[in-house]
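Asks: 0 is the number of the first residue of the sequence shown in numbering that gives the first Met the number 0; add one for each residue after it. Yeah, the Cβ is synthetic: ideal placement off N, Cα and C, and Gly gets one too.
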Amino acid sequence: MKMGKKAKKGNSGFDDNGYKKNVTSQVTDGTGKFKKSFKHHQNSDSQAPVIRKQVEPETAKYFSEIANLFESQGVDVEERSVICGNALEEARGKEFELATDYIISNTLQTLLDGCNLDNLCSFLRGCANIFPAIAMDRSGSHVAETAFKSLARHVQDTEAYTIIEDTLKMICKVIVVNPLDLICNCYGSHVLRSLLCLCKGVPLDSPEFHGAKGSKVLAERLNLKVAHLDGNDSQHLQQGFPSLLKFLVSGMMNCTKEDMKTLQVDQYSSLVLQTALKLLAGNDQELLHIIPVLLGCNKEILAEGKFDMIVAGETVESMKEPAFSHLMEVILEVAPESLYNDMLTKLLKNSLFELSSHPCGNFVVQALISHARTKDQMELIWEELGLKFADLFGMGRSGVIASLIAACQRLQTHEYKCCEALATAVGSKNETSKFIVPRILFLESYFSYEDKSSWSWPGGAKMHVMGSLILQAIFKFQSEWIQPYILSITSMDAEHVLEAAQDARGARVIEAFLASDASTKQKRRLVVKLRGHFGELAINLSGSFTVERCFNAGNLSLREAIASELLAVRTELSKTKQGPHLLRTLDIDRYATKPDQWRSKQASKQSAYNEFFVAFGSSESKSTKRNKLLYNASMDTSEHEELNIKKDIDGSLISTSVVDDTSSEKKGRKKRKRDVASEDAVGSNKAIEKAVKNFLSSSTPDKKRHNASKQRLKI
0 MKMGKKAKKG NSGFDDNGYK KNVTSQVTDG TGKFKKSFKH HQNSDSQAPV
50 IRKQVEPETA KYFSEIANLF ESQGVDVEER SVICGNALEE ARGKEFELAT
100 DYIISNTLQT LLDGCNLDNL CSFLRGCANI FPAIAMDRSG SHVAETAFKS
150 LARHVQDTEA YTIIEDTLKM ICKVIVVNPL DLICNCYGSH VLRSLLCLCK
200 GVPLDSPEFH GAKGSKVLAE RLNLKVAHLD GNDSQHLQQG FPSLLKFLVS
250 GMMNCTKEDM KTLQVDQYSS LVLQTALKLL AGNDQELLHI IPVLLGCNKE
300 ILAEGKFDMI VAGETVESMK EPAFSHLMEV ILEVAPESLY NDMLTKLLKN
350 SLFELSSHPC GNFVVQALIS HARTKDQMEL IWEELGLKFA DLFGMGRSGV
400 IASLIAACQR LQTHEYKCCE ALATAVGSKN ETSKFIVPRI LFLESYFSYE
450 DKSSWSWPGG AKMHVMGSLI LQAIFKFQSE WIQPYILSIT SMDAEHVLEA
500 AQDARGARVI EAFLASDAST KQKRRLVVKL RGHFGELAIN LSGSFTVERC
550 FNAGNLSLRE AIASELLAVR TELSKTKQGP HLLRTLDIDR YATKPDQWRS
600 KQASKQSAYN EFFVAFGSSE SKSTKRNKLL YNASMDTSEH EELNIKKDID
650 GSLISTSVVD DTSSEKKGRK KRKRDVASED AVGSNKAIEK AVKNFLSSST
700 PDKKRHNASK QRLKI
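#1: Would you call the CB atoms of H325 and Q263 closer than 8 angstroms?
#2: Can you give me the start and stop residues for the alpha helix (DSSP H) that Q266 sits inside?
#3: Cutting at 7 angstroms between CB atoms, please list the residues of its own chain near L270, excluding the five before and the five after it.
#4: What's the call for S452, buried or exposed, on a 16-neighbour Cβ count within 10 Å?
#5: Relative to the alpha-carbon of D390, which residue among L536, G113, K93, F446 has its alpha-carbon at the smallest distance?
#6: If contact is defined by three or more beta carbon pairs under 8 angstroms, each pair taking one atom from either stretch, is the region 105–124 in contact with the region 194–205?
#7: Which one of S478, A560, A143 has the shortest CA to CA distance from S518?
#8: Measure the Cβ-Cβ separation of C417 and L403 and say whether it is below 8 angstroms.
#9: Given a cut-off of 8 angstroms on the beta-carbon distance, is the pair S543 and L581 in contact?
#10: Identify, in the order they occur along the chain, each residue of the same chain with its Cβ nearer than 7 angstroms to the Cβ of K148, setting aside the five sequence neighbours on each side.
#11: Can you round the beta-carbon distance between L566 and A499 to whole angstroms, since I take them to be within the 8 angstroms contact cut?
#12: Three-state secondary structure (DSSP) at I102?
#13: Roughly how many whole angstroms lie between the Cα atoms of E430 and I289?
#14: Where does the unbroken alpha helix (DSSP H) through E479 begin, and where does it stop?
#15: Taking the alpha carbon of A280 as the point to measure from, which residue in S80, R409, A503, P241 has its own alpha carbon closest?
#16: Please work out which residues of its chain come closer than 7 angstroms, Cβ to Cβ, to E336, disregarding the five sequence neighbours upstream and downstream, and give them in chain order.
#17: Under three-state DSSP, which class holds R583?
#18: Bridge partners of I469, per DSSP?
#19: Buried or exposed for T99, please, with buried defined as at least 16 other CB atoms from any protein chain shown within 10 angstroms of its CB.
#20: Which residues in the same chain as A745 place their Cβ atom closer than 8 angstroms to its Cβ, once the five residues preceding and following it in sequence are excluded?
#21: What residue range does the alpha helix (DSSP H) around Q365 cover?
#22: Would you kindly work out how many angstroms separate the C-alpha atoms of N42 and L123, rounded to a whole number?
#23: Identify whether R51 lies in helix, strand or coil by the three-state DSSP scheme.
#24: With I174 and P131 assumed to form a contact (beta carbons below 8 angstroms), what rounded beta-carbon distance in angstroms separates them?
#25: Please classify G395 as buried or exposed, where buried requires at least 16 other C-beta atoms within 10 Å of its C-beta.
#26: If you drop the 5 nearest sequence neighbours on each side, which residues of the same chain put their C-beta closer than 7 angstroms to that of I330?
#27: Could you pull the start and end residues of the alpha helix (DSSP H) that G458 belongs to?
#28: Put D492 into one of helix, strand or coil per three-state DSSP.
#29: Distance, Cα to Cα, E77 vs L181?
#30: Taking the alpha helix (DSSP H) that T145 belongs to, which residues open and close that run?
#31: Residues in the same chain with beta-carbon distance under 6 angstroms from N105, minus the five sequence neighbours each way, listed in chain order, please.
#32: Alpha carbon to alpha carbon, how far is A59 from A107? Give it in angstroms, no decimals.
#33: Could you give the distance in angstroms between the alpha-carbon of R583 and the alpha-carbon of G531?
#34: Give me the residue from A511, T261, K172 with the minimum Cα distance to L247.
#35: Please say whether A602 and L555 have beta carbons closer to each other than 8 angstroms?
#36: Check each candidate in A514, I368, E313 and name the one with the smallest Cα separation from N551.
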């Protein structure tokens with residue numbers, strides 16, 4: 000069935016809510032308010048408002064029939080493209096009126112989604128001159144987004160590349176004439192970000208470029224995930240239009256230089272600029288030109304440090320605004336090393352503590368710390384913040400301290416000073432070390448307590464997310480630097496250890512300690528305090544991982560005690576999500592039916608580990624590698640299953656890491672919402688871990704297994 004063309008007559012249409020109207024109107028901003036289009040541009044041609052004509056009754060009826068036809072599913076696949084093409088031909092010359100109509104815009108989206116490439120490009124070329132007005136409309140923005148998504152499906156077709164590029168070029172040329180209104184519009188900014196992604200060749204709905212994921216940012220800042228934003232990091236990178244991307248971004252920058260102060264603090268323009276910077280990551284030449292413009296200067300002034308002190312002060316002050324603080328985080332993330340160093344030494348120096356004290360500005364400092372490249376840069380940062388741990392904790396800025404600890408660990412500088420400063424911040428020289436870990440676990444509770452000397456473990460309270468993450472980072476340092484923390488966690492009362500193991504945040508700290516460089520004796524001192532509770536912990540989703548780590552850290556008698564407790568709850572445990580994996584990993588079925596064989600196997604495993612490390616462990620890193628291997632020893636072919644289970648737990652742990660960080664940050668930054676969902680850290684020494692697993696799974700005699708593992712390691 001084909002839809003024919005209709006007669007063109009009538010003079011009434013429908014407004015944005017589907018009601019008939021008899022008057023013309025200017026473009027609205029999507030909220031019902033009239034808006035003068037392109038009001039910031041100097042060209043008088045662009046200042047004229049776009050007039051929205053009425054949709055003719057016959058046209059409205061025609062598209063209503065099209066909508067009914069598709070809804071009735073009376074169109075087969077072969078006819079659909081033809082009907083969509085015919086309908087889009089009917090829309091020619093009326094693209095703006097139809098796209099901004101509340102009802103007809105939905106039909107138009109269906110047509111753009113189902114038409115062929117020629118009809119799609121013809122529609123976009125027909126509305127190129129008024130594309131910004133369509134994009135800034137509540138309904139029109141959805142039409143524009145749909146058109147871009149349809150284009151994205153064709154970019155891999157080499158024959159279609161030229162026609163798509165020509166179409167996008169027409170739209171880009173119109174946008175760069177006066178981009179300010181579009182960039183600062185809630186609907187237009189979203190469309191513009193999709194266009195930028197399309198030009199780069201990344202998915203239009205990519206969370207990396209179209210919406211910040213706090214989980215990823217936090218994971219990278221705390222060394223839980225390797226940063227990989229280098230311009231080519233998308234797993235689904237498609238054919239892009241690099242010359243158009245450069246043209247569009249540089250055009251927007253050139254036309255908005257005079258309005259940069261407005262763009263810095265506008266929430267919608269901030270999102271557009273963040274997306275543009277991320278897409279240009281790795282393109283140092285472009286970034287060296289763009290970033291100084293965003294900071295309100297040029298690269299020569301920035302490099303020479305010839306800032307006007309008033310301008311520099313205003314720029315730093317703007318970093319306390321939510322929109323600009325977000326933008327600065329991305330700037331620091333993608334900035335070439337030379338430019339990063341200039342920003343640290345010429346712009347931000349002597350302002351770090353001031354910014355760290357601010358609810359929004361502290362996120363800029365976190366980004367600055369996390370992207371430090373050299374020890375010299377960390378030295379400058381440490382000079383301003385190294386002695387301020389207690390002050391920062393008191394103001395609820397634990398994220399700054401967590402980033403500082405992670406950066407020192409990554410760059411291998413100031414490690415001991417970090418551990419010492421943290422311990423000093425939560426205690427005094429007159430107190431014993433036993434209070435350090437509990438106070439960090441309950442950071443907010445401790446620092447909000449008026450008489451800190453009388454503070455005690457707040458039973459039943461939730462443990463602090465950032466405090467948990469800080470302790471996890473601390474236990475990655477060498478054991479000689481963290482002895483006060485080791486003493487503290489092993490001195491905790493048994494009921495407090497159990498409560499920590501039952502809390503997802505506390506459980507991660509216990510696991511980090513069991514994977515640390517601490518001695519086996521110190522680890523078992525903690526594990527024995529959980530004796531009698533391994534069954535109930537295993538049934539709990541987060542506690543099951545703690546049980547597994549305890550099992551790996553225990554000697555034969557302790558492992559048997561754990562196996563015995565799990566056997567008592569085997570039926571209930573097998574019904575949980577994590578239970579089958581844990582039962583297989585600890586070989587509970589064998590323990591139930593053949594306990595002697597189970598003991599022999601466990602003893603053989605321990606002997607094999609000892610033998611392996613005697614043969615291959617270096618004097619410098621033997622203890623560290625051994626602990627890391629023991630941490631992952633039981634991970635077999637079910638490894639991916641465990642990781643999938645653990646993501647559920649870590650999601651609940653870190654999803655509130657910024658929201659729950661401190662009440663003062665929440666009050667100061669209501670608009671700065673952070674979705675932080677955790678991503679597991681990738682363990683180091685994977686090659687050695689794999690060799691050990693193969694070594695243990697071998698059924699050859701001990702000597703042959705020794706030689707076989709040695710040969711694997713050489714390979």
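Replies: The relevant details are as follows:
#1: Residue 325 sits at position 326 when you count from the first residue of the sequence shown. Residue 263 sits at position 264 when you count from the first residue of the sequence shown. Result no, Cβ atoms of H325 and Q263 do not sit closer than 8 angstroms.
#2: Translated into the one-based positions of the sequence shown, residue 266 becomes position 267. Run containing Q266: 266–278, per the alpha helix (DSSP H) assignment.
#3: Counted from its first residue, the sequence shown places residue 270 at position 271. Only S188, R192 meet the Cβ criterion.
#4: The count along the sequence shown starts at 1 and reaches residue 452 at position 453. With fewer than 16 Cβ atoms within 10 Å of its Cβ, S452 is classed as exposed.
#5: Taking the first residue of the sequence shown as position 1, residue 390 is located at position 391. Closest by alpha carbon: F446.
#6: no
#7: Reading the sequence shown from its first residue, position 519 is the one you call residue 518. Minimum Cα-Cα distance from S518 among the listed residues S478, A560, A143 corresponds to S478.
#8: Along the sequence shown, one-based indexing puts residue 417 at 418. Along the sequence shown, one-based indexing puts residue 403 at 404. Yes; because the gap between Cβ atoms is below 8 angstroms, this pair is in contact.
#9: Looking up residue 543 in the sequence shown gives position 544. Looking up residue 581 in the sequence shown gives position 582. Yes, Cβ-Cβ distance for S543 and L581 is below 8 angstroms.
#10: One-based indexing of the sequence shown puts residue 148 at position 149. Excluding residues within five positions, the ones whose Cβ falls inside 7 angstroms are L203.
#11: Position 567 of the sequence shown, counted from the start, is the residue given in the question as residue 566. Position 500 of the sequence shown, counted from the start, is the residue given in the question as residue 499. Going by Cβ atoms, the distance from L566 to A499 rounds to 25 angstroms, so no, they are not a contact pair.
#12: Stepping through the sequence shown from its first residue, residue 102 is reached at position 103. DSSP places I102 in coil when its eight states are reduced to three.
#13: Sequence index remark: in the sequence shown, residue 430 carries index 431 (1-based). Sequence index remark: in the sequence shown, residue 289 carries index 290 (1-based). Their Cα atoms are separated by approximately 52 angstroms.
#14: Along the sequence shown, read from residue 1 onward, the residue named residue 479 stands at position 480. No alpha helix (DSSP H) contains E479, which DSSP labels as neither H nor E.
#15: In the sequence shown, counting from the first residue as 1, residue 280 sits at position 281. Minimum Cα distance to A280 is reached at P241.
#16: In the sequence shown, counting from the first residue as 1, residue 336 sits at position 337. Correct list, in chain order: R372.
#17: In the sequence shown, counting from the first residue as 1, residue 583 sits at position 584. R583: helix per DSSP, three-state reduction.
#18: The sequence position of residue 469 within the sequence shown is 470, counting from 1. Looking at the DSSP assignment, I469 forms no beta bridge with any residue, so it has no partner.
#19: Counting from 1 along the sequence shown, the entry for residue 99 is found at position 100. Result: buried.
#20: Shown here, the chain extends from 0 to 714; a query on residue 745 therefore has no answer.
#21: The residue given as residue 365 occupies position 366 in the sequence shown. Counting along the chain, the alpha helix (DSSP H) containing Q365 begins and ends at 360–369.
#22: Mapped onto the sequence shown, residue 42 falls at position 43. Mapped onto the sequence shown, residue 123 falls at position 124. Bear in mind that a pLDDT of 40 at N42, under 50, signals an unreliable position, so the number given afterwards is only what the model happens to contain. Roughly 24 angstroms separates the two Cα atoms.
#23: Within the sequence shown, numbered from 1, the residue matching residue 51 stands at position 52. DSSP places R51 in strand when its eight states are reduced to three.
#24: Residue 174 sits at position 175 when you count from the first residue of the sequence shown. Residue 131 sits at position 132 when you count from the first residue of the sequence shown. Their Cβ separation, rounded to whole angstroms, is 6 angstroms, which keeps I174 and P131 in contact under 8 angstroms.
#25: Stepping through the sequence shown from its first residue, residue 395 is reached at position 396. By the neighbour-count rule (16 or more Cβ atoms within 10 Å), G395 is buried.
#26: The residue you call residue 330 lines up with position 331 of the sequence shown. Within the same chain, I330 has close Cβ partners L276, I290, L293.
#27: Along the sequence shown, read from residue 1 onward, the residue named residue 458 stands at position 459. Element bounds for G458: n/a, residue is neither H nor E.
#28: Locating residue 492 in the sequence shown gives position 493, where the first residue counts as 1. Note: D492 maps to coil in three-state DSSP.
#29: In the sequence shown, residue 77 corresponds to position 78, counting from 1. In the sequence shown, residue 181 corresponds to position 182, counting from 1. Computed Cα separation, rounded: 38 angstroms.
#30: Within the sequence shown, numbered from 1, the residue matching residue 145 stands at position 146. 137–151 is the extent of the alpha helix (DSSP H) around T145.
#31: As a working mapping, residue 105 is identified with position 106 in the sequence shown. Closer than 6 angstroms at the Cβ level, and outside the excluded window around N105, lies no residue.
#32: Mapped onto the sequence shown, residue 107 falls at position 108. Mapped onto the sequence shown, residue 59 falls at position 60. First, the residue type needs correcting, since residue 107 is Leu and not Ala in the sequence shown. Approximately 12 angstroms between the Cα atoms of the pair.
#33: Residue numbering aside, residue 583 sits at position 584 when the sequence shown is read from its first letter. Residue numbering aside, residue 531 sits at position 532 when the sequence shown is read from its first letter. Distance from the CA of R583 to the CA of G531, rounded to the nearest whole angstrom, comes to 21 angstroms.
#34: What you label residue 247 is simply residue 248 of the sequence shown in a count that begins at 1. Taking only the C-alpha atoms, the option nearest L247 is K172.
#35: Against the sequence shown, residue 555 aligns to sequence position 556. Against the sequence shown, residue 602 aligns to sequence position 603. Yes, they are a contact pair.
#36: In the sequence shown, counting from the first residue as 1, residue 551 sits at position 552. Of the listed residues, the one whose Cα sits closest to N551 is A514.
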